[in-house]
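In my numbering, the protein residues as written are 175 to 329. Only one structure is covered here, and it is reproduced in the block below.
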């Protein structure tokens with residue numbers, strides 16, 4: 175599946191808009207730029223759902239969410255931030271681009287199940303987005319393995 179990418183020259187200008195979207199995100203060519211578009215810069219331990227955490231657990235265990243999640247993983251090909259070649263090994267998190275609230279879950283807001291408001295991410299990318307810490311990311315390109323590359327005395 176080939177995607178046409180248009181270089182994004184001013185990520186900060188897009189971020190300042192009230193709402194970010196999947197359509198804008200996939201126009202950004204690189205993983206790190208996509209991360210910067212999404213990062214929230216929260217603090218460790220910051221309360222999101224607080225005492226209502228049970229609500230998001232009910233949501234994430236629902237048949238409707240599991241069906242939606244499966245479709246989004248297929249759309250993003252299981253790739254971190256939807257970047258081809260950055261396959262997620264392990265748990266795939268469906269990240270809300272514009273964070274949802276307790277009220278969104280209670281009122282069944284369209285934002286909860288909006289494909290324009292979600293992207294597949296790895297746990298490391300998810301934590302980096304929420305805590306604004308680029309050091310959590312695995313930015314280095316994956317090195318392709320070769321025969322005997324773990325044997326020190328062979329070339």
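Every residue, glycine too, gets a C-beta built ideally from N, C-alpha and C.
Residue i - containing beta strand (DSSP E), residue span
i	result
residue 280	Where residue 280 is concerned, there is no enclosing beta strand (DSSP E), although the alpha helix (DSSP H) it sits in stretches over 276 to 280.
residue 267	267 to 270
Residues near residue i by beta carbon distance below 8 Å, same chain, minus five either side
i	result
residue 260	205, 253 and 254
residue 318	none
residue 264	296 and 297
residue 241	none
Cβ neighbour criterion (16 or more within 10 Å) applied to residue i
i	result
residue 212	buried
residue 270	exposed
residue 299	buried
residue 208	buried
residue 224	exposed
residue 312	exposed
residue 323	exposed
Beta-ladder partner(s) of residue i, from DSSP
i	result
residue 286	Bridge partners of residue 286: none, in fact.
residue 261	253
residue 293	269
Endpoints, the alpha helix (DSSP H) within which residue i is located
i	result
residue 297	297 to 305
residue 230	227 to 235
residue 199	196 to 199
residue 212	205 to 212
Anticipated Cβ contact below 8 Å, residue i with residue j, distance rounded
i	j	result
residue 230	residue 279	6 Å
residue 194	residue 301	Incorrect: roughly 19 Å between the Cβ atoms, too far for contact.
residue 294	residue 325	That pair is no contact at about 36 Å.
residue 274	residue 285	6 Å
residue 196	residue 290	5 Å
Other residues of its chain near residue i: CB distance less than 6 Å, five sequence neighbours each side excluded
i	result
residue 239	233
Cβ shell of residue i (< 7 Å), same chain only, five flanking positions each side left out
i	result
residue 268	243, 246, 292 and 294
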